[in-house]
Amino acid sequence: LTAGIADSKTAKILHINKGDPVVILNRHSYAKDKGLVEFRITTGRADMFSYRTTIGNLK
1 LTAGIADSKT AKILHINKGD PVVILNRHSY AKDKGLVEFR ITTGRADMFS
51 YRTTIGNLK
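Residue numbers (the UniProt record's numbering): 1 to 59.
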């Protein structure tokens, strides 16, 4: 999870101004056999972004 600034393309998509603060989440998820099953980069408006995660066995 990092902070950044919006470029022109991101600003247009998020309806913010170029140079406004954004939050960037880089995620890699792996299967039990260590194979990569997900890779994504998510960018959100800093003024509307929240992140919550639960780690562990959800029984």
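All residues carry an ideal CB built from backbone N, CA and C; glycine is no exception. Note that this is a predicted model, so its numbers are computed, not measured.
Val37 is classed as exposed because its beta carbon has fewer than 16 other beta carbons within 10 Å across all chains shown. Taken in chain order, the whole beta strand (DSSP E) runs of length 3 or more contained in the UniProt domain "UbiC transcription regulator-associated" (2-49) are 2-5, 21-30 and 36-45. Each residue's CA atom was taken as its position, placing Val22 and Ala46 some 5 Å apart.
Of the candidates Ser50, Gly56 and Thr54, the residue whose Cα lies closest to the Cα of Leu25 is Ser50.
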